[in-house]
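Q:
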Amino acid sequence: MSTQPFEPRIVGFLCRWCSYQGADLAGTSRLHYPPNVYPVRVMCSGRVDPTFVLKALREGADGVLICGCHPGDCHYQQGNYSAMRCMPLLHRLLEQFGIEKERVRLEWVSAAEGKRFAKVVAQMTDDIRKLGPLNWPLTLHQQRSAAQ
Amino acid sequence: MNGKLNFAMYWGASCGGCEIAVLEIREKILDLAQLINIVFWPVAVDFKYRDVEAMPDRHIDLCLFNGGIRNSENCEIAQLLRRKSKVLCAFGACACWGGIPSLANVSNRQGIFRTVYLQSPSTENAGGLLPQELTPTRAGDLELPAFYDTLVPLSEVVEVDYFIPGCAPAADRIWAVLEAVVTGQLPEPGSVVGALEKTLCDECKRVRDETKKVKQFFRPHQIIPEPEKCLLEQGIICMGPATRGGCGARCIEANLPCRGCYGPAPGVVDQGAKMLSAVASLIDSQDPEEIDRIIAGIADPLGTFYRFGLSASLLQRARLRAGEQPTLQEAAG
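Just so you know, the sequences run in chain order V and E.
In this text, residue positions in the first sequence follow our numbering: the first is 42, and each later residue adds one.
In this text, residue positions in the second sequence follow our numbering: the first is 198, and each later residue adds one.
1. According to the Cβ coordinates, are E/N383 and E/A210 closer than 8 angstroms?
2. Quick one, which residues of the region 107-137 of chain V are near chain E if we go by CB-CB under 8 angstroms, in chain order?
3. I want to see whether chain E comes within less than 8 angstroms of V/L98, judged by CB atoms only; does it?
4. Indicate the three-state DSSP secondary structure (helix, strand or coil) for V/M165 in the structure shown.
5. So if I threshold CB-CB distances at 8 angstroms, which residues from the region 268-295 of chain E count as touching chain V?
6. Using a cut-off of 7 angstroms between C-beta atoms, extract the partners of E/D467 located in chain V.
7. Mark E/H418 as exposed unless 16 or more other C-beta atoms lie within 10 angstroms of its C-beta, in which case mark it buried.
8. For the candidate residues V/R50, V/P46, V/H73, V/V52, whose alpha-carbon lies nearest to that of V/K156?
9. Give me the Cα-Cα distance between E/L375 and V/A124, rounded to the nearest whole angstrom.
10. Please identify, using Cβ separations under 8 angstroms, the residues of the region 473-494 of chain E that lie next to chain V, in order along the chain.
11. Show which residues of chain E have a CB atom less than 9 angstroms away from the CB atom of V/L147.
12. Would you list the residues sitting across from V/V81 in a DSSP beta bridge?
13. What are the partner residues of E/Y207, as DSSP defines its beta bridges?
14. Using a Cβ-Cβ cut-off of less than 8 angstroms, list which residues of the region 293-327 of chain E approach chain V; keep chain order.
15. Taking E/E144 as part of the beta strand (DSSP E), name the residues at either end of that continuous run.
16. If you count every other CB in all the chains shown that lies within 10 Å of the CB of V/Y79, and 16 or more means buried, which is it?
17. Report yes or no: do the region 249-265 of chain E and the region 285-295 of chain E share at least 3 C-beta pairs separated by less than 8 angstroms?
18. Check whether the Cβ of V/G139 lies closer than 8 angstroms to any Cβ atom in chain E.
19. What in chain V is Cβ-close to E/Q413, meaning under 9 angstroms?
20. Please state whether DSSP places E/W238 in a helix, a strand or coil.
21. Which residues share a DSSP beta bridge with E/L285?
22. Evaluate the contact criterion for the region 242-258 of chain E versus the region 211-224 of chain E: three or more CB pairs, one atom per stretch, below 8 angstroms.
23. In angstroms with no decimal places, state the Cα-to-Cα distance between E/P342 and E/S478.
24. If the cut is a Cβ gap below 7 angstroms, which residues of chain E does V/W58 touch?
25. Looking at chain E, is there any beta carbon in it that lies within less than 8 angstroms of the beta carbon of V/L172?
26. Which bits of chain E does V/T166 rub up against, with CB to CB less than 9 angstroms?
27. If I'm right that V/Q184 touches E/L512 with Cβ under 8 angstroms, what's the distance once you round it to whole angstroms?
28. Is it true that the CB of V/R133 sits closer than 8 angstroms to the CB of V/V105?
29. What runs of the alpha helix (DSSP H), each 4 residues or longer, lie entirely inside the region 291-339 of chain E?
30. Less than 8 angstroms between the CB atoms is what I'm expecting for E/G432 and E/Y459, so what's the real figure, rounded?
31. Can the beta-carbon of V/G120 be found closer than 8 angstroms to that of V/N176?
32. Does the region 278-285 of chain E come close enough to the region 346-362 of chain E that 3 or more CB-CB pairs lie under 8 angstroms?
33. If we ignore side chains and look at the alpha-carbon of each, how far apart do E/A301 and E/I235 end up?
34. Which residue comes first and which comes last in the beta strand (DSSP E) that contains E/F344?
35. Would the region 450-457 of chain E and the region 498-506 of chain E be scored as touching if the rule is three or more Cβ pairs under 8 angstroms?
36. The alpha helix (DSSP H) with E/I158 in it runs from where to where?
This is the structure in structure tokens:
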């Protein structure tokens, strides 16, 4: 086994209008925060199909962070509510798959909230560091090893 | 043999419903008998595995394989039949995506054995006996197939030419596929046959409002649905939007929701995720607490959304953490 400390890999789906700008602001403000989120820019948090989340976890992500505009601020009016309605059901499903709810988070980050973005990322990285790696490909390999 | 097609049918981890479904073509079975020559079909005709082993490769023209791969016997026979068959079809939801037996992928061999042989109230097993792969006796060693931790669909262990979905496949669709095989009109290998290239909702006659949202979800026994209106819009989880059409919407006609047995709709990667998204979009609330209350009405998201295809979903199985459940030795006391 590798002796290197565990560095969580978190896929971040950031809404193009608010949260991606917020992440940008965190950078241009030279805020220090963990480099563990791999950002993917999407048009809206409502565009993040649960399939994307499962795919990210399937491919080896330790967590998925979805960030959108605050409720009421959606560029498309309703998109972030759609994300909001999906999340608790997705959490229940993931729990049945044996995946802790802390691994998938939905957060509201506006374009002005660089500090908040940095805080959310730091908090989530810390939480997942405590949970340990998810490593789904390895999980599948180990728990399927009897087959074939 | 006299121009007839050599036909084989086999079952892996399945209930036998697919075998019955073939008989559902009724009197056409007589027409079929004119066209095929049954060379292997354990349910119907007495052949042994060694008879199949003795066949030349590609001797079987059409092999319908139903059931998933649960143990080493399923796997070995799948590989054997693949060698001996020109066309190998995954027949029914279990062979295509794991089916209902793949819901056991929330557990593993140990957990399944514990429930079945030690803990189920109807089991009397005072000695805590468990199936062994090898049991030495005075008359020689007795062998049982190895039971896998994870059930996988047929396509995980061999190349599959065609997928015929359904639990069980609808009789008229089976007949259409058989006709296509006999007349040599099969599409590209790897395709789903005996189904439609659209969702179940597309062939459903119920009226959809499109704007209707729900404040409460019901299980089918909790409500008498109106016969004309979309079931989802009445708060009943109906898998139509995420499921491939082709079954004739017979459950819906009986006022029951679609359970998803025709598998993911064309273009859908993960049937459960697609369904989750469809269900979430119906919820009539913007208040997190109320949303929690509404989704509490969905009893078992994993079992509902992946009822027929957990082992072909993106995550394929649940993650079990060591030490969470008693070992077999502990359970046996």
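Heads up, the beta-carbon is just placed ideally off N, CA and C, and yes, glycines get one too.
A: A quick look at the data gives this:
1. Reading the sequence as shown, one finds Leu at residue 383 of chain E and not Asn. No, the pair does not count as a contact, with Cβ atoms beyond the cut-off.
2. P112, Y122, S123, M125, R126, C127, P129, L130, L131, R133, L134, Q137
3. yes
4. helix
5. C272
6. T92, L95
7. exposed
8. V/H73
9. 45 angstroms
10. L473, S474, V476, A477, S478, I480, S482, Q483, P485, I488, D489, I492
11. Within chain E, no residue comes near V/L147; the closest Cβ sits about 10 angstroms away, beyond 9 angstroms.
12. V/F54
13. E/F262
14. V303, N305, R306
15. With chain E covering only 198 through 530, there is no way to say anything about residue 144 of chain E.
16. exposed
17. yes
18. yes
19. Chain V residues near E/Q413: none, gap ~14 angstroms exceeds 9 angstroms.
20. coil
21. E/C260
22. no
23. 45 angstroms
24. By Cβ distance, chain E contributes nothing, its closest Cβ being about 19 angstroms from V/W58, past 7 angstroms.
25. no
26. Within chain E, no residue comes near V/T166; the closest Cβ sits about 21 angstroms away, beyond 9 angstroms.
27. With a Cβ gap of about 11 angstroms, V/Q184 and E/L512 do not count as contacting.
28. no
29. 306-310
30. Not really, about 23 angstroms apart at Cβ, beyond 8 angstroms.
31. no
32. yes
33. 33 angstroms
34. 344-349
35. yes
36. Absent from the model: residue 158 of chain E. The displayed extent of chain E is 198 to 530, so no value can be given.
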